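A.B. asks: Note that the sequence shown covers residues -9 to 414 in the numbering used here. Heads up, the beta-carbon is just placed ideally off N, CA and C, and yes, glycines get one too. Since the structure is predicted, the reported quantities are computational estimates derived from the model, not experimental observations.
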Amino acid sequence: MKAYRAAILRFSDDQTPVYDPDGLLVVGPDATGRRVVRAVGDFRTLGDRFPGVAVEDLRGHILAPGFVDLHIHYPQTDVIGAPAAGLLPWLENYTFPHESRFSDATYARGVAEFFLDELQRHGVTTALAFATSHPSSVNALFEAAQARSMRLITGKVLQDRHSPDGVRDETEQSLIDTEALIQRWHGVDRLGYAITPRFAPTSTPEQLRGAGVLAARYPSVWVQSHVAENVDEVRWVTELFPQARSYLGVYADFGLLRERAIYAHCIHLDTADRALMQQTGAAAAVSPTSNLFLGSGFFDYAAADAAGMRYGLASDVGGGTSFSPFHTMLGAYCVGREGQTKTGLSLTPGQLWWQHTAGAAQALGLAGVVGNLQLGCEADFVVLNPQATPLLARKTAQATSLDELLFALIVLGDDRVVVRTHMA
Ligand SMILES: [Zn+2]
-9 MKAYRAAILR FSDDQTPVYD PDGLLVVGPD ATGRRVVRAV GDFRTLGDRF
41 PGVAVEDLRG HILAPGFVDL HIHYPQTDVI GAPAAGLLPW LENYTFPHES
91 RFSDATYARG VAEFFLDELQ RHGVTTALAF ATSHPSSVNA LFEAAQARSM
141 RLITGKVLQD RHSPDGVRDE TEQSLIDTEA LIQRWHGVDR LGYAITPRFA
191 PTSTPEQLRG AGVLAARYPS VWVQSHVAEN VDEVRWVTEL FPQARSYLGV
241 YADFGLLRER AIYAHCIHLD TADRALMQQT GAAAAVSPTS NLFLGSGFFD
291 YAAADAAGMR YGLASDVGGG TSFSPFHTML GAYCVGREGQ TKTGLSLTPG
341 QLWWQHTAGA AQALGLAGVV GNLQLGCEAD FVVLNPQATP LLARKTAQAT
391 SLDELLFALI VLGDDRVVVR THMA
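(1) Considering just the uninterrupted stretch of the alpha helix (DSSP H) at Thr228, what are its terminal residues?
(2) Given a threshold of 16 other Cβ atoms within 10 Å of its Cβ, counted over all protein chains shown, does Gln110 qualify as buried or as exposed?
(3) So if DSSP puts Trp212 in a beta bridge, which residue, or which two residues, is it bridged to?
(4) With which residues is Pro19 paired in a DSSP beta bridge?
(5) Can you check whether the CB of Ala(-4) is closer than 8 Å to the CB of Tyr9?
(6) Take Ala242 and list the residues in its own chain whose beta-carbon comes closer than 7 Å to its own, dropping the five residues that flank it on each side.
(7) Anyone know if the C-beta pair for His320 and Ile400 falls short of 8 Å?
(8) Are the CB atoms of Ala119 and Thr96 within a distance shorter than 8 Å?
(9) Thinking C-beta only, is Val227 closer than 8 Å to Pro195?
(10) Please classify Ile185 as buried or exposed, where buried requires at least 16 neighbouring CB atoms within 10 angstroms.
(11) Please state whether the Cβ-Cβ distance between Ile62 and Asp222 is less than 8 Å.
(12) Does DSSP put Phe120 in a helix, in a strand, or in coil?
(13) Do you know offhand how far Thr261's Cα is from Arg180's?
(14) Let me know the secondary structure DSSP gives Arg410 once reduced to three states.
(15) At which residues does the alpha helix (DSSP H) containing Ala137 begin and terminate?
(16) Quickly, what does DSSP pair Ile143 with across the bridge? List them, please.
(17) May I ask whether a heavy atom of ligand 1 can be found less than 7 Å away from the beta carbon of His258?
(18) So is Val276 buried or exposed if we call it buried at 16+ other beta carbons inside 10 Å?
(19) Tell me the DSSP bridge mates of Glu46?
(20) Could you tell me if Pro376 is buried or exposed, where buried requires 16 or more neighbouring beta carbons within 10 angstroms of its beta carbon?
(21) Pull the bridge partners of Val372 from the DSSP assignment, please.
(22) Report the rounded CA-to-CA distance for Ala292 versus Ala322, giving the unit in angstroms.
(23) Closer than 7 Å: is that where the CB of Gly285 sits relative to any heavy atom of ligand 1?
(24) How would you label Ala206, buried or exposed, when you count the other beta carbons within 10 angstroms and need 16 or more for buried?
(25) With hydrogens ignored, establish whether the beta-carbon of Ala254 is closer than 7 Å to any heavy atom of ligand 1.
(26) Return yes when the Cβ of Thr35 is within less than 8 Å of the Cβ of Asp370, no when it is not.
(27) Give the single residue among Gly71, Asp393, Ala21, Thr168 whose Cα lies nearest to the Cα of Ser336.
(28) Below 8 Å, how does it come out for the region 372 to 390 and the region 82 to 102: are there three or more Cβ pairs, yes or no?
(29) Could you round the C-beta distance between Arg410 and Val373 to whole angstroms and report it? I think they count as a contact, below 8 Å.
(30) Assuming Ile400 is part of the alpha helix (DSSP H), what are its boundary residues?
(31) Looking at the unbroken beta strand (DSSP E) that takes in Ile252, where does it start and where does it end?
(32) Span of the beta strand (DSSP E) holding Arg300?
(33) Indicate, with yes or no, if ligand 1 has a heavy atom lying under 7 Å from the CB of Asp59.
(34) Going by beta-carbon coordinates alone, are Pro187 and Leu148 separated by less than 8 Å?
(35) State yes or no: is the C-beta of Thr150 within less than 8 Å of the C-beta of Ser193?
(36) Can you tell me where the beta strand (DSSP E) holding Ala275 begins and where it ends?
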C-alpha cells in the first residue's frame, strides 16, 4: 500500500465534485491483485488509520482521477493540425493517405509508443481509440498499452467501400479479422476490443450487418463509430441508405446501438434520434475541438439532457486540435455557450470535469472502475500543479471556491499542469 497527501478531487454518484483541500489517498491491491483506491478523504480523519503505510507529501498539488478520452484516432497523431476544407476533403487529402502506412507493423509500433506517451503526458489514463483497417495497427497499440498496464480499448477499422486503395478492406475478411482480434485481446489485462465501423458511408450494408452480428455475439465488447458530424455527411448517408429513418437509424437497423456503443459527434440528431440513444444505452463522444476546427456544428447539451442520453468528452485527435483534456473541457464550454443554432448554456466547471472522467467512464460502462477516486476504483490518477504557470499561480491563488479553482485550470491549463500520471 501507498498513500498520498494532497488536495483530492473526486465525484459523488450524483456527478457533483467532492474536494478535500487536505486529503489522503491510499492505494493498494484488492483481493484480485488490482491496484485500487483503498481509502480516500480528509487527512485528519484518515491519517492515523494507516500506520506503517508510507505517505508521500504532495501538498500544494491536486490529485484527480485520470482523464478518460472517449474518442481518439491513434493513427492520426501526425494528422493533427492538417489544413483542409471540412471533413470529407480532410479525410481524402490527409487522413486516408496517412492511415495507409499502418500496414507496416514497425511503423505502427513507433506511432503507438509516441501516442501513448502523449496521452500519459496529458493525464489521460483510459482511451477508446480508433486504429486503422490493418490488424497490425491494432496489435501494435494493444502491445504498447499492455506493456504500460494502461486501460485501453481499440479496434480494427471496418471500411469496405468509398475508401482508397491502402485502407479499404474486404467484407468477409474484415469480419474474420475482427473476431480473431476480439478473441486475442478482449479482456486481456486492462485491454478491451471495440468493433469499429469507420462511419456508415464507408461500409457496405453487408459489413455493417456482420458488425452487428459480432456486437450481439460479444456483448461485453465495445462498438465505436461516428455519426451526424457534418451536414454534407448526413446528406450522403441519406442517399446511401434511403430506407433508414435517419443517419443514426442506419446503425440501429444493423444492431449497432446498445450499451457500450460510443458514437462520436452526435451533432445533427433529431429528437427521435436522441430518444433512441437513451433507450439503447448508446453514448455520445462529444468532440468539441474537432467540431470547432472542422466547422461541423455544436453538440446540443440541453437537448441531450432533455432526452436523458449519455455522453462524455473526447479529443478526436487528429480532427481535434489537442491531446489536452483541459483544452477539450474549454472547447466543451465554448460549444455549450453557443446559442445561435441551439439553446446556449454555461456548463459548470464540475460538469465539464465530470464529462472527461467519471461521466466518460459511465458512458463506457466502466463507472466505479475508472474515471473516479471512489473506494474500489482502479488507481489511475494525475498529480496536478495549480501553479504551473505564472498566470495560473496568480489566478488559482485568488480562487474563493472550487468552481473558480477548477475553471482557472480548465481555461488556462495544459500539459504543464500535469506533474505525474499514475496508472494502476
Ligand atoms: Zn473521429
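C.D. replies: Short version:
(1) 221 to 230
(2) buried
(3) Ala184
(4) Arg25
(5) no
(6) Leu266
(7) The residue you asked about is not His; residue 320 is Leu in the sequence shown. The answer is yes: Cβ separation under 8 Å.
(8) no
(9) no
(10) buried
(11) no
(12) strand
(13) 36 Å
(14) strand
(15) 125 to 137
(16) Leu118, Gly182
(17) no
(18) buried
(19) Tyr(-6)
(20) buried
(21) Ala54, Thr411
(22) 13 Å
(23) no
(24) exposed
(25) yes
(26) no
(27) Asp393
(28) no
(29) 4 Å
(30) 392 to 402
(31) 251 to 255
(32) 300 to 303
(33) no
(34) yes
(35) The amino acid at residue 150 is misidentified as Thr; the sequence shows Asp. Taking 8 Å as the Cβ cut-off, Asp150 and Ser193 qualify as a contacting pair.
(36) 273 to 276
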